[in-house]
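A.B. asks: The structure's right below; bear with me while I get my questions together.
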Amino acid sequence: MSTSLHAPDFAAPASPPWSSDRDETLRCVQVRQETHDVKTFVLAAQGPRSFRYLPGQFITLELDIAGSRVNRCYTLSSTPTRPDLVSITVKRVPGGTVSNWLHDNLRPGMTLGVIGPSGEFSCFKAPAQRYLFLSGGSGVTPLMSMTRALHDLGSDADIVFAHCARSPADVLFPEELTLMARNMAQLRLATVCEQHTPGSAYAGHIGRMDAARLAHIAPDFLQRDVYTCGPAPFMAAVRQLLAAAGYDMRRYREESFSFADQAQPEAQAQVDGDGGATATHSIQLQKMGQSFSCRADQTILQAATAAGLRLPSSCSSGICGTCKTKKISGQVEMKHAGGIRPREIDQGWILPCCSKPVSDVALDR
């Protein structure tokens, strides 16, 4: 099944930028099967729009699944140098609510609620001349976005791109990366697979990324800016490997979305400038008929968890928007990371996971 976009008028003035605060939804226009358990979903605006973001940033999907609102963040695998469409590349995770829904249900013509783009993980925020991109599994997506952008811009940056996968059958974007490397003299590719696929012509590294293999792939890695994305154990192993080698970790950057079922650990009590205890405020959940105390140095979600109340939450850091709640009264200090629209803030919505009370607060929950 497929749908077609209206033929663009390339001589027309540039389309206005897409804004999730104004446009709110994207339409699926194509689904690509990348591997046996990974699909790319290509998304377009409902009208003429251009997408402006930094390569490596993410969007937050707002989905209704089995009668529940679910938010989930996905890095854009597309590049802003091709501004008419965006794409996310999603691995089906066993038991994963969102990834399985997307794989089983999202088809061309369907629309999705979207917030963003947001995020700080981009080599375009701190340009360098030499990079080491290290990806694990579907963590290749932000690094693919960066590489596509550098390729389209004719960059002469020196890039070593090492992708780690379970097997050759799980390697993502091998043909496109090879084509880009043909056009970019200083883009060198390496693949590391944990095991071989029977019958495969794969001739890359077998095993896991370790100090010896990294030194072979990028002998000068100590002089490169490192960008890493992948499962948490993969990134932890990379950090340990680099630190043990004496790498300057100030030049290390990583991206990961770690969604937990509970809030972050409760903040420790602090003392104010007069030597007294930090101010405490009352938080009322009107629909639930519950109330609890929250210190000014705690987030509302932390205090609710400490009081034994379970509020919807996922990222606990203002990224995903899962905990979004309407504030009826009171004031909070909110430091979010893109999980809420400016218009929603103006209407009184907050994210309890990253909001600290400035006064007593009543929530519509």
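The opening residue of the sequence shown carries number 138 in our numbering; numbering runs sequentially from there. Where is the CB? At the ideal position from N, CA and C, for every residue including glycine.
Just mark MET425 as buried or exposed, buried being the case when its beta carbon has 16 or more other beta carbons within 10 Å.
C.D. replies: Exposed, since its Cβ has fewer than 16 Cβ neighbours within 10 Å.
A.B. asks: What are the boundary residues of the alpha helix (DSSP H) that includes VAL251?
C.D. replies: It is not in any alpha helix (DSSP H) - VAL251 instead sits in the beta strand (DSSP E) that spans 248-255.
A.B. asks: Taking PRO150 as the reference, which of CYS165, VAL175, HIS173, ARG186 has the closest Cα?
C.D. replies: Ranking the options by Cα distance to PRO150, first place goes to ARG186.
A.B. asks: Helix, strand or coil for HIS418? Go by DSSP, reduced to three states.
C.D. replies: The answer is strand: DSSP assigns HIS418 an E or B state.
A.B. asks: Whose C-beta lies closer than 6 Å to the C-beta of VAL297 among residues of the same chain, with five residues either side of it excluded?
C.D. replies: Contacts found: LEU269, ARG325, ALA355.
A.B. asks: From SER428 to SER492, what distance separates their C-alpha atoms?
C.D. replies: Computed Cα separation, rounded: 16 Å.
A.B. asks: Consult DSSP for MET471 and reduce its assignment to one of helix, strand or coil.
C.D. replies: Strand at MET471.
A.B. asks: Hey, quick one: how far does the beta strand (DSSP E) through PRO494 stretch, first residue to last?
C.D. replies: 492-494 is the span of the beta strand (DSSP E), which, as asked, contains PRO494.
A.B. asks: Below 8 Å, can you find three or more Cβ-Cβ pairs linking the region 185-204 to the region 212-228?
C.D. replies: As far as the Cβ criterion goes, the region 185-204 touches the region 212-228, which means the pair count is three or higher.
A.B. asks: Identify the continuous alpha helix (DSSP H) that holds SER282 and give its terminal residues.
C.D. replies: Unbroken alpha helix (DSSP H) run through SER282: 277-289.
A.B. asks: Please state whether the Cβ-Cβ distance between PHE371 and CYS301 is less than 8 Å.
C.D. replies: Against a cut-off of 8 Å, the Cβ pair of CYS301 and PHE371 comes out as a contact.
A.B. asks: For the alpha helix (DSSP H) holding SER236, just list the boundary residues, first then last.
C.D. replies: Unbroken alpha helix (DSSP H) run through SER236: 234-242.
A.B. asks: Between ILE487 and THR462, which are expected to be in contact by the criterion C-beta below 8 Å, what is the C-beta distance as a whole number of angstroms?
C.D. replies: That pair is a contact at about 6 Å.
A.B. asks: The beta strand (DSSP E) that contains THR197, what's its start and end?
C.D. replies: Note, THR197: beta strand (DSSP E), 195-202.
A.B. asks: Please work out which residues of its chain come closer than 6 Å, Cβ to Cβ, to GLY445, disregarding the five sequence neighbours upstream and downstream, and give them in chain order.
C.D. replies: So no residue of the chain qualifies.
A.B. asks: Taking C-beta to C-beta, are VAL227 and VAL175 nearer than 8 Å?
C.D. replies: The answer is yes: Cβ separation under 8 Å.
A.B. asks: When burial is assigned at 16 or more other CB atoms within 10 Å of the CB, is ARG447 buried or exposed?
C.D. replies: Per the 10 Å Cβ criterion, exposed.
A.B. asks: Buried or exposed: which applies to PRO489, given that a residue is buried once 16 or more other Cβ atoms fall within 10 Å of its Cβ?
C.D. replies: Buried, because 16 or more other Cβ atoms sit within 10 Å of the Cβ of PRO489.
A.B. asks: Is LEU269 helix, strand or coil by DSSP?
C.D. replies: Strand.
A.B. asks: Restricting to Cα atoms, I'd like to know which of GLN170, ASP158, ALA352, GLU331 is closest to ILE343.
C.D. replies: Measuring from the Cα of ILE343, the nearest candidate turns out to be GLU331.
A.B. asks: Which value, in whole angstroms, describes the spacing of the CA atoms of VAL495 and GLY476?
C.D. replies: Cα to Cα, VAL495 sits roughly 21 Å from GLY476.
A.B. asks: Specify the secondary structure class of HIS333 as computed by DSSP and reduced to three states.
C.D. replies: Coil, per DSSP.
A.B. asks: Specify, as a first and last residue, the run of the beta strand (DSSP E) that LEU180 falls within.
C.D. replies: Its beta strand (DSSP E) spans residues 175-181.
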